[in-house]
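**Student:** So in the working numbering, spot 32 of the sequence shown is number 32, and the numbers just go up one at a time.
A virtual CB, placed ideally from N, CA and C, is assigned to each residue, including glycine.
Nothing here was measured: the structure is a model prediction, and the numbers come from that model.
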Amino acid sequence: MLPKLGRCAVLGVLNVTPDSFSDGGVNFRAEDAIATARRMLDDGAAIVDVGGESTRPGSEGVSVEEELRRVVSVLEGLVGLPVSIDTAKAEVARRALELGAELINDVTALRGDPHLAGVVADAGAYLCLMHMRGAPRTMQDDPRYDDVAATVAAFLEERLAFAVEQGIAEERICLDPGIGFGKTVEHNVELVRRLDVLLALGRPVVIGFSRKRSLGRMLGDPEATTGSVFASLGAAVAAFERGATILRVHDVRETVEALTIAEALL
Ligand code: HH2
Numbered sequence: 001m002l003p004k005l006g007r008c009a010v011l012g013v014l015n016v017t018p019d020s021f022s023d024g025g026v027n028f029r030a031e032d033a034i035a036t037a038r039r040m041l042d043d044g045a046a047i048v049d050v051g052g053e054s055t056r057p058g059s060e061g062v063s064v065e066e067e068l069r070r071v072v073s074v075l076e077g078l079v080g081l082p083v084s085i086d087t088a089k090a091e092v093a094r095r096a097l098e099l100g101a102e103l104i105n106d107v108t109a110l111r112g113d114p115h116l117a118g119v120v121a122d123a124g125a126y127l128c129l130m131h132m133r134g135a136p137r138t139m140q141d142d143p144r145y146d147d148v149a150a151t152v153a154a155f156l157e158e159r160l161a162f163a164v165e166q167g168i169a170e171e172r173i174c175l176d177p178g179i180g181f182g183k184t185v186e187h188n189v190e191l192v193r194r195l196d197v198l199l200a201l202g203r204p205v206v207i208g209f210s211r212k213r214s215l216g217r218m219l220g221d222p223e224a225t226t227g228s229v230f231a232s233l234g235a236a237v238a239a240f241e242r243g244a245t246i247l248r249v250h251d252v253r254e255t256v257e258a259l260t261i262a263e264a265l266l
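(1) Measuring only the C-alpha atoms, how far is T225 from R217?
(2) If you run the structure through DSSP and keep just helix, strand and coil, what is M1?
(3) Rounded to whole angstroms, how far is the Cβ of V249 from the Cβ of G12, which I believe are closer than 8 Å?
(4) Would you report the Cα separation of A231 and L78, rounded to the nearest angstrom?
(5) By the 10 Å Cβ neighbour count, where 16 or more other Cβ atoms means buried, how is R193 classified, buried or exposed?
(6) In the structure shown, what three-state DSSP assignment does V39 receive?
(7) Tell me whether I261 is buried or exposed, calling it buried when 16 or more other Cβ atoms sit within 10 Å of its Cβ.
(8) Between which two residues does the beta strand (DSSP E) carrying S84 extend?
(9) For L195 and A244, I'd like the C-alpha separation in whole angstroms.
(10) When DSSP builds the beta bridges, which residues end up paired with C174?
(11) Provide the residue(s) that pair with D142 in DSSP beta bridges, ordered along the chain.
(12) Report the rounded CA-to-CA distance for G303 versus R7, giving the unit in angstroms.
(13) Give every residue of the same chain whose Cβ lies closer than 8 Å to the Cβ of P18, excluding the five residues on either side of it in the sequence, and list them in chain order.
(14) Who are the Cβ neighbours of Y145 in its own chain at under 6 Å, not counting the five residues just before and after it?
(15) Return the chain-ordered list of same chain residues with a C-beta closer than 8 Å to the C-beta of I34, the five sequence neighbours on each side being excluded.
(16) How big is the Cα-Cα spacing for I179 and D113?
(17) What runs of the alpha helix (DSSP H), each 4 residues or longer, lie entirely inside the region 48-80?
(18) Could you check if D221 is buried or exposed, using at least 16 other CB atoms within 10 Å of its CB as the buried criterion?
(19) Looking at I168: is its Cβ nearer than 7 Å to the Cβ of L198?
(20) Grouping DSSP H, G and I as helix and E and B as strand, with all else coil, what is G12?
(21) Alpha helix (DSSP H) containing R193: first to last residue?
(22) Got a sec, what are the start and stop residues for the alpha helix (DSSP H) V119 sits in?
(23) When the Cα atoms are used, what is the spatial distance from D49 to A117?
Here it is in structure tokens:
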């Protein structure tokens with residue numbers, strides 16, 4: 001799945017939103033988004049993940065019409081290029097697949113829209129199932145787990161079985177612990193340190209630590225709302241070393257260079 005680097009692939013984040021936590025507004029105009037996507041692919045991304053709804057902590061979500069309005073012109077400008085769509089909505093996924101998207105990245109792991117599984121199955125598309133506790137509006141209100149790695153693994157195992165039951169081929173599914181989605185800094189750290197628990201499910205693991213607030217907080221700012229590029233590179237290399245094979249990142253060129261060297265040396 002998604003070859004480009006030798007042993008892992010970079011998925012470039014393209015938020016077509018006014019309010020994403022680290023790059024909100026930067027690619028809100030379709031021309032800018034299309035140019036950014038092309039640059040990410042030139043820089044070595046295996047695929048570009050187009051999203052029209054922010055899931056940052058506290059966000060409320062947008063309507064299907066608004067999400068379609070944001071992403072369709074961008075997808076039209078990227079026909080023929082490897083694209084993923086970051087959506088939980090069946091209607092947005094359906095339109096994106098018609099326009100050539102190959103992967104559906106669903107942060108709700110098929111719990112958000114009862115029609116999404118059928119859309120993915122009918123298209124024979126790739127699917128990313130992500131763990132999230134609660135919903136973006138409230139997910140960071142004091143999240144607690146007895147054993148975060150075991151809880152996330154059990155959840156993803158159940159969602160994987162559900163997706164397969166719905167007719168989605170297991171070989172097309174990858175799993176993501178959802179860094180920052182209903183998790184403290186310590187939970188996020190433990191999920192990467194114990195990635196073997198997720199790898200035991202037998203599917204490729206995606207890690208999206210890029211620019212997330214935990215990185216800024218780990219560097220000593222308790223109020224940080226983002227993390228730096230340098231901190232993100234450290235997280236990407238560590239996640240790769242722990243066995244993640246798909247890294248979801250904002251800074252593609254920097255990450256591809258870091259991972260190319262890590263692949264050569266590890
Ligand atoms: N993180 C975000 C959004 N989608 N999808 C997966 N599979 N894994 C992630 O870690 C993940 C994701 C949040 O980051 P971003 O897209 O940059 O921000 P926003 O949701 O504010 O647009």
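**Tutor:** This is what the structure holds:
(1) Here the alpha carbon of T225 sits roughly 8 Å from the alpha carbon of R217.
(2) Low confidence applies here, because M1 scores a pLDDT of 47, under 50, leaving its location unreliable; read the following figure in that light. DSSP places M1 in coil when its eight states are reduced to three.
(3) Yes, they are in contact, since the Cβ atoms of V249 and G12 sit about 7 Å apart, within 8 Å.
(4) One alpha carbon belongs to A231, the other to L78, and they sit about 30 Å apart.
(5) Answer is exposed; the Cβ neighbour count stays below 16.
(6) According to the sequence displayed, residue 39 carries Arg and not Val. Under the three-state reduction of DSSP, R39 is assigned to helix.
(7) The residue is exposed, with fewer than 16 neighbouring Cβ atoms inside 10 Å.
(8) Note, S84: beta strand (DSSP E), V83 to D86.
(9) In this structure, the straight-line span from the alpha carbon of L195 to that of A244 is close to 8 Å.
(10) According to DSSP, C174 bridges with C128.
(11) Under DSSP, D142 takes part in no beta bridge, so it has no partner.
(12) Any answer about residue 303 is impossible in this case: the structure gives the chain only from 1 up to 266.
(13) Taken in chain order, the residues that qualify are G24, G25 and F28.
(14) Taken in chain order, the residues that qualify are T151.
(15) Taking I34 as the centre and dropping the five residues before and after it, the same chain places the C-beta of V74, G77 and L78 closer than 8 Å to its C-beta, in chain order.
(16) The straight-line gap from Cα to Cα measures roughly 22 Å.
(17) Fully enclosed alpha helix (DSSP H) runs of 4 or longer: 64-76.
(18) Within a 10 Å sphere around the beta-carbon of D221 sit fewer than 16 other beta-carbons, which makes this residue exposed.
(19) Their beta carbons are not under 7 Å apart, which means I168 does not touch L198 by this criterion.
(20) DSSP places G12 within a strand segment (E or B) once states are collapsed to three.
(21) Note, R193: alpha helix (DSSP H), V185 to R193.
(22) Unbroken alpha helix (DSSP H) run through V119: L116 to A123.
(23) Straight-line Cα distance between these residues: approximately 19 Å.
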